[in-house]
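Novice: Going by full-length UniProt numbering, the residue at position 61 of the sequence shown is 61; the numbering climbs one at a time, nothing skipped. So that we are looking at the same thing, I have put the structure below in structure tokens.
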Amino acid sequence: MASIRPFSLFPVISDNLLSNRFDQIDRLFSQLTGSKPISSPVQTYNLKQVDDSHYELTLSVPGYQESDLNVSLKGGRLVVEGKKEEKIQEKNEKWIHQGISQGQFSLQFDLGKNVRIEKADLSSGLLSIGIEYELPEEEKPQVIAIENKDKNN
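What follows is the structure, given as structure tokens:
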């Protein structure tokens, strides 16, 4: 028999306080050491092959505008960066939970040589980047004909 765990929209007060304390300590330690916080969320992404030479990378970037994002390609390395100023909480706001990160992030993808970025579109919190691999003729596979010497005798 499966056990059913109750789900509550409002977290238990003690859990919320401990979680916030841990996050605050983690961020403070990260600022002091320069390392990435354990609790910092990882940007999620999908990578889809459209055809033999075209791919689409889609990143989840909720709340970011075009001006908050930077996409660059240098030496076969695709870098996607997001930087958004954290909003100052107003006195009358009472958040129960804030789990949507809108801080700074940087993702790097080593794509290799012969790569071209076709487009970058932002829609409904998803950043889609069109990637094309341009394989030179000398690097494409060649089909070699095989002759049957036995038929000539």
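Glycine included, C-beta positions come from ideal geometry on N, C-alpha and C.
In chain order, what residues of the same chain lie with their CB nearer than 6 Å to the CB of PRO62, ignoring the 5 residues before and after it?
Specialist: Same-chain partners within the cutoff: ILE100 and GLY125.
Novice: Taking DSSP as the reference, what is the three-state secondary structure of SER67?
Specialist: If DSSP states are grouped into helix, strand and coil, SER67 belongs with the helices.
Novice: I'd like the span of the beta strand (DSSP E) that includes VAL143, first residue to last.
Specialist: Unbroken run through VAL143: none, as it is neither H nor E.
Novice: From ILE131, TYR64, PHE105 and GLY103, pick the residue whose C-alpha is nearest to that of GLN49; which is it?
Specialist: Residue ILE131 is the option with its Cα nearest to GLN49.
Novice: Tell me the rounded alpha-carbon separation between GLN142 and LYS151.
Specialist: The alpha-carbon atoms of GLN142 and LYS151 are separated by roughly 25 Å.
Novice: In the structure shown, what three-state DSSP assignment does GLU93 receive?
Specialist: Correct three-state label for GLU93: coil.
Novice: Could you check the C-alpha separation between GLY76 and ASN92 for me, to the nearest Å?
Specialist: GLY76 and ASN92: Cα-Cα distance of roughly 48 Å.
Novice: With DSSP as the reference, please indicate the residues paired to THR44 in a beta bridge.
Specialist: Looking at the DSSP assignment, THR44 forms no beta bridge with any residue, so it has no partner.
Novice: Go ahead and pull the three-state DSSP assignment for GLU56.
Specialist: Here GLU56 sits in strand by DSSP.
Novice: Alpha carbon to alpha carbon, what distance is there between LYS94 and residue 161?
Specialist: What is shown of the chain runs 1 to 153, which leaves residue 161 out entirely.
Novice: Taking 7 Å as the limit between beta carbons, can you name the residues of its chain near ASP68, skipping five residues before and five after?
Specialist: Correct list, in chain order: GLY82, LYS83 and LYS84.
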